[in-house]
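Have a look at the structure below before the remarks.
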Amino acid sequence: MSVNSVREVDSALAVRPTFAHRVSAKLYSNAKLRLRLLIAAPLFWLSLVYVAALLALFVTAFWTMDSFTGEVRVQWNIDNFVQLFTDALYRTVTLRTLGIALAVTFIDILIALPIAFFMAKVASRRMRGILVISILMPLWASYLVKAYAWRSVLSNDGILQWLLRPLGLDTPGYSLVGAALTLGYIWLPYVILPIFTGLEKVPQNILEASSDLGAKTWSTLRLIVFPMLLPAIAAGSIFAFSLTMGDYISINIVGGATQMLGNLVYTNVGTANNLPMAAAIAMIPVAIMFIYLTAIRKTGALDNL
Amino acid sequence: MAENTPAISLRGLTKSFGSVTAVSNLDLDIKSGEFFSMLGPSGSGKTTVLRMIAGFELATSGQVFLDGEDVSAKAPFDRNVNTVFQDYALFPHMTVLENVAYGLRVRGVGKAERNAQALEALETVRLGEFGGRKPSELSGGQRQRVALARAIIVKPKVLLLDEPLGALDLKLREQMQIELKELQRELAITFIFVTHDQEEALTLSDRIAVFNQGKIEQIGTPRELYEHPKTPFVAGFVGTTNIFEADEAKSLFGKSIKASIRPERVEIVKGKSSNTHMGRVIEAIYVGSATRVHIKLDAGPKITALVQSGSTVDESWHRDQEVQVALNEKDLVVLETK
Amino acid sequence: MISKTPLKLSALVVGLALALSGCASSGGASNAKLKALGSNEKTLSLLGWPGYAEDGSNDPKVDWVTPFEKSTGCQVTFKPYGTSDEALNLFKSGDYDVIAASGDATLRLIASGDVQPLNTDLIPNYKNVYPFLKGQAWNTVAGETYGVPHGYGANLLMYNTDVVKPAPTSWDVVFDKASAYKGKVTAYDSPIYIADAAVYLMAHKPELNITNPYALDADQLAAAVDLLKAQKANVGEYWSDYLKSIDSFSTGNSVVGTTWQVIKNSMPAGSHVEAVLPSEGATGWSDSWMVSSTTKSPNCAYAWLNYIDSPKANAAATEYFGEAPATADACQYGSAGFCDSYHAGDAAYAAKIWYWTTPVAKCLDGRTDVKCTDYSAWTKAWQEIKG
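Chains as they are written, first to last, in this note's numbering: chain A, 42 to 346; chain B, 419 to 756; chain C, 682 to 1068.
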């Protein structure tokens, strides 16, 4: 290679900023721009799918439906919301749904705490792996399969009855209690995992310090572990609570003759074909979740999700 | 209780993690009111011993006696010792005052009483005004003092300190060293101090145990360890030193022994005499108060001399400069060979 | 996984679609009847009750779709549905050419313009259909025929013979005497079930002057609602999925309640259940095959309508579902006693059945002095009954 050509190559490398090169250089030096471009597409989706859809839902709630043909008519009114607030039905069902959601959340936290504690602080590394897998496993099974499995568990002559009969008890059957148990089972992994992660974040030496200062196991749990875990528990509760608030399938399969807000939405979309009313009812869980999340934000749980 | 009962006695203490033996067959007595340091490199077993005294680890075999009482099988909350952790382990969700009052709280002391005592303890560590803050709002040195206050409020017989100054910068460290020493004198309780910093150990301790590979190499006062190290490991770990293998010692002193001589005892002299050796400077490092001169002796061994600044022989050495080095046999420390 | 998200999301998406399109379409109904048949298209998409179009995939011996495909060249896809309301929603998607709809859906389909009027001259087998099924309120509007009959049947009373004694002959076991089976009563989960209560009230509360269970004024509806609210205390669960009903009766979670013949026929061997038509009469269905107003396969659709009323296919389809066929000729096929057991062609028996019809404001029983409650009022009432 001649000296000349070397020089040519050199200068080609040094200057001649192509368009792509300039863009790269600009992006390299401008981190903010880089970030914006990177998140533009997902952000667009997010705003379309979530925000716009939620707005559309809200707007729809102010429309009305032709009761015979089942067509939605764009006639602005607040009749749907008036009904929501005046009809005893919606109050009853809202309270029932809230009750189930709280019960499921409570049951799940109660079960998840010792399991997560065992996994994070007691189990060997190998055992922990096995436990994490076995907790995640049910998530691979279809929701319906699990709900129908519980239908069989709760059934007359089912496993639960067989287990409880010697204790003089009976299966709760297809009822609110049955639905709460089923939903509690289905959402349990979503509660265990954040609490497990939260516990892993509690340093071992904090527990040692507590014990060192004279706290027995229970005091350590009550005064140290539980308060430090509160954000993680709150994070888990968001899953159990919100998923239950919107459920309408388990209640159909194992809930017996009762219904939740989700069923009212479903009935209004499916049976009555009354989309505006369904949209109005759907605003109830949205509002409740909003209040719940606002309350929980104070615990720092949202940083924990 | 007899006056001379040790605060801590360890007998045949052994700890294995799987196939790894962290501490092997350790015997140790620590006197009441002593400032005792466990010095060693990381992995030498000193922290494991501390954790076995605290009760966080149970010994694989052997016993821990606290004031003559066998506590080997007892839980940490049943042992009258308290620990200051390396990274302080303050409870992040509690205020400083609540942290300090915690030991009293779990002992069922009423709120007003325990807060008053906690405030007092905070004042001892000069943090009286910080009670309302969260640990995250304090500096490292302040957290350190909170951890101290939290540990001493329950009046332990023995205070265990696990590298408590490790995370602080040099100035703060030196200040805390003084405070720790004063605190120990004030409280008149036994301190067991784990550190890998030999200077810190020498500064603070009444006695030091030097750990190496799960065993104690030597126990002694700082002076004993420095002046009369028994093994090459101790000689090298406590301070810096020149170590001669047997053949090197023979060429210099005519004795076939393993020995060491501290750099400050190596003299550079003007004139030649019977105990001087000729050498050439490899490198001279000026450190302010002194100069560290590395010399290759004509007889073979390399040696380091520490020359005080302002001494009669002090000068700006250059490489390959010829020097006369005087080695006195009285400064020679004979080391054990294995 | 199904969770709250799909429901909410689908509601959201539908809402969004509506918002984007600006308004809801009023249905581009083509009101023109087909004048003549052309050559068959390639595909035909059917929507119907489970068991209405079997191609052998559920049971190799049960197959009347394959012969149709072979003779016409129309490739059939079939989607079964669980309730009339579900059917309506599915059909409104425009994905289906033909629907088998019950009387509580047909009028709504006609009113919304989702189905087209039929030229029965192009359906040779239509002439063989029982006269009492033709020209009825649920398949004919203003003289135009919108659907050809598939078959008909009654909503029966099923009971567990071990538990419910003596054998019931009245619906009172699920209404006034239901408390004897508290928690074990089951009922159909649809607003149209209000008509079952109305049928019962016709016999037991004559002072209400109900003459047609689908024509209830506000007071009559209130009486039916009260009856159903009282029933609810004893209901173990409502069913709309017939498999769920089979499961409940076979485990004993349900011991008495409304059912279909097909459920009784599908009970596992050894189940101790019977199904009867109680003395008060019953609600029932007369299903019609209807053609979408926007179909791209009108010729295949007509071919299917004609085929399903051919004797052999009609017999196979209706016997499999457990209902009476729409034509007398079908009785030559099917197993022995098939037509007798469903009282096929028995006009008097058929008269005891109140076929599902969409309740509308203009009373179906001819009253003009009051407004009747419409289906949306029934839907709302049903939600309140379930609480």
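We treat Cβ as the ideally placed atom computed from N, Cα and C, and that holds for glycine. Source: prediction; values computed, not measured.
- Put simply, the stretch 655-668 of chain B does not touch the stretch 476-484 of chain B. Fewer than three CB pairs are less than 8 angstroms apart.
- Assigned with DSSP and collapsed to three states, Val467 (chain B) falls in helix.
- Assigned with DSSP and collapsed to three states, Glu516 (chain B) falls in helix.
- Within the stretch 479-501 of chain B, contact with chain A at the beta-carbon level (separation under 9 angstroms) is assigned to Ala493, Pro494, Phe495, Asp496, Arg497, Val499, Asn500 and Thr501.
- Interface flag for Gly816 (chain C) against chain A is unset, since no Cβ pair is found closer than 7 angstroms.
- For Pro830 (chain C), the beta-bridge partners assigned by DSSP are C:Ser969.
- Only residues of its own chain outside the window of five on either side were considered, and among them Cys1044, Arg1048, Val1051, Lys1052, Cys1053 and Thr1054 have a CB closer than 8 angstroms to the CB of Asp898 (chain C), listed in chain order.
- The beta carbon of Ser216 (chain A) lies closer than 6 angstroms to those of Gly297 in the same chain, with the five residues before and after it left out.
- In this structure, DSSP gives Pro272 (chain A) a helical state, which the three-state scheme calls helix.
- Residue environment: His831 (chain C) is assigned as buried (16 or more neighbouring CB atoms within 10 Å of its CB, all protein chains considered).
- As the crow flies, the alpha-carbon of Tyr1014 (chain C) is around 45 angstroms from that of Leu316 (chain A).
- Nearest CB-CB separation between Asn197 (chain A) and chain C: below the 7 angstroms threshold.
- For Phe509 (chain B), the neighbours in chain A by C-beta distance under 7 angstroms run, in chain order, Ile247 and Ile265.
- In the structure shown, Asp624 (chain B) adopts coil according to DSSP, grouped into three states.
- Judged by their CB atoms, Ala878 (chain C) and Leu909 (chain C) are nearer to each other than the 7 angstroms cut-off.
- The way I'd put it, the stretch 288-295 of chain A doesn't touch the stretch 61-74 of chain A; fewer than three beta-carbon pairs between them come closer than 8 angstroms.
- In the DSSP assignment, Ser251 (chain A) falls within the alpha helix (DSSP H) that extends over Gln245 to Asp253.
- Linking Ala606 (chain B) to Ala256 (chain A) through their CA atoms gives a straight-line distance of about 25 angstroms.
- Residues are counted here when their Cβ sits less than 9 angstroms from a Cβ of chain A; for the stretch 541-555 of chain B the count is zero.
- As the crow flies, the alpha-carbon of Thr730 (chain B) is around 20 angstroms from that of Ser692 (chain B).
- In the DSSP assignment, Phe772 (chain C) falls within the unbroken alpha helix (DSSP H) covering Ser765 to Lys773.
- Shown in chain order are the members of the stretch 450-475 of chain B whose Cβ falls below 7 angstroms from a Cβ of chain A: Ala472 and Phe474.
- DSSP lists B:Asn630 as the bridge partner or partners of Lys633 (chain B).
- Bounds of any alpha helix (DSSP H) do not take in Phe509 (chain B), whose DSSP letter is neither H nor E.
- Going by beta carbons, Asp785 (chain C) and Thr892 (chain C) fall outside the 7 angstroms limit.
- Distance from the CA atom of Ala221 (chain A) to the CA atom of Ile571 (chain B), rounded to whole angstroms, is 48 angstroms.
- Interface annotation for the stretch 821-853 of chain C against chain A: empty, criterion Cβ-Cβ distance under 8 angstroms.
- Under the Cβ criterion of 7 angstroms, Phe503 (chain B) is counted among the residues facing chain A.
- Unbroken beta strand (DSSP E) runs of no fewer than 3 residues, entirely contained in the stretch 662-738 of chain B, are found at 677-679, 685-687, 694-704, 708-715 and 720-726, following chain order.
- Lys257 (chain A) has a beta carbon lying within less than 7 angstroms of a beta carbon in chain B.
- Taking Gly632 (chain B) as the centre and dropping the five residues before and after it, the same chain places the C-beta of Thr439, Ala440, Val441, Ser442 and Gly463 closer than 6 angstroms to its C-beta, in chain order.
- With a contact defined as Cβ atoms closer than 8 angstroms, Leu643 (chain B) and Pro681 (chain B) miss out at about 16 angstroms.
- Residue burial is scored here from C-beta neighbours: Pro887 (chain C) has fewer than 16 other C-beta atoms within 10 angstroms and is therefore classed as exposed.
- Put simply, of B:Leu508, B:Lys573 and B:Ser434 the residue whose alpha carbon is nearest the alpha carbon of Ala539 (chain B) is B:Lys573.
- Closer than 8 angstroms at the C-beta level to chain A, one finds these residues of the stretch 518-532 of chain B: Tyr520, Gly521, Arg523, Val524 and Arg525.
- Judged by pairs of C-beta atoms under 8 angstroms, the stretch 97-108 of chain A touches the stretch 312-327 of chain A, as three or more such pairs exist.
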